[in-house]
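First the structure, in the form of structure tokens, and then the observations on it.
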Amino acid sequence: MKQNLIKCTLAVLLAAGFCQSANADLVLSGTRVIFPAEKKDVTVQLTNKGTHPLLAQSWIDAGDPSARPESVDVPFYLTPPVSRIDPEKGQTLRIVYNQPKLPKDRESVFWLNVLEIPAKAKKGESSEVDNTLQLAFRTRVKIFYRPTGLKSQPNLAAKDVIWSKVGTNKIKANNPTPYYISYSAVNLSSGAKKVELGDAMLAPFSTTELQSKQNINENSWAINYAFINDYGGSENGNAALK
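Residues -24 to -1, 1 to 218 (mature numbering (1 follows the signal peptide of the UniProt record, and there is no 0)) make up the sequence shown, in order.
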């Protein structure tokens, strides 16, 4: 799936017309983190691609994007939780597993958050300092904790999903595998007709329903999808609709 960038801004400044567009300067080494159970820790590289120093605050949550760093309860800790990164420099985040009891027959998912806090411009450095809006960007990427000895292969899991119709406007996706499957796009196709169902993440051994915006009474529909692999790349596939 895509990295989620949450931009904190003020509507009143936007209305004033002097808020300029901005982009995150902090870049992560990947769009997802795979944590094999046999490892004690994994690392993620942060790089400041901007021209000014910044602060990076990092934490892990269990799926609630509104959870505050000090309130989360997860089986990991990371170091350093806060770091200063100079322009064109980097920082390595080390994620350590605390050895609590997680399911051994399936993957578990958590979220790595990295908040980019730009350095505040000093008075006198720019004539436009008073009109400068400081933006904080947050990036969230998934962490998949993967037990040893799981059946099948993660790159083949999408092929095992069973797709079926529910009524006239719903599609049921049954994931019989121990892996999370992240779809960046799921579409229905029938000849020249195409219906977009959006993105989805299927949990292991679970069933998810996707809503169609139009009736799908015909029996000639097929599923076309794009899923995200372990390396953050997109792979396409198709399946019959039962």
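A virtual CB, placed ideally from N, CA and C, is assigned to each residue, including glycine.
Since V142 and E185 are thought to touch, with beta carbons under 8 Å apart, how far apart are those beta carbons, to the nearest angstrom? By a beta-carbon distance limit of 8 Å, V142 contacts E185. Their separation comes to about 6 Å.
Could you give the distance in angstroms between the alpha-carbon of residue 257 and the alpha-carbon of S128? The structure shown does not extend to residue 257, since the chain is modelled only from -24 through 218, so no value can be given for it.
Rounded separation between Y155 and K96 - CA only: For Y155 and K96, the distance between alpha carbons rounds to 43 Å.
If you follow the beta strand (DSSP E) that L126 is in, where does it begin and where does it stop? For L126, no beta strand (DSSP E) run applies, since DSSP gives it neither H nor E.
How is P12 classed by DSSP in three states: helix, strand or coil? Three-state DSSP puts P12 in a strand.
Would Y207 be called buried (16 or more neighbouring beta carbons within 10 Å of its own) or exposed? By the neighbour-count rule (16 or more Cβ atoms within 10 Å), Y207 is not buried but exposed.
Tell me whether V(-13) is buried or exposed, calling it buried when 16 or more other Cβ atoms sit within 10 Å of its Cβ. Note that V(-13) scores 30 on pLDDT, short of 50, meaning its location in the model is unreliable and no value can be drawn from it.
Extent of the continuous beta strand (DSSP E) run through T183: First-last of the beta strand (DSSP E) with T183: 182 to 187.
Leaving out five residues before and five after Q190 in sequence, what residues of the same chain have Cβ atoms less than 8 Å from its Cβ? The beta carbon of Q190 lies closer than 8 Å to those of N145, V171 in the same chain, with the five residues before and after it left out.
For the beta strand (DSSP E) that contains Q67, what are its first and last residues? 66 to 73 is the span of the beta strand (DSSP E), which, as asked, contains Q67.
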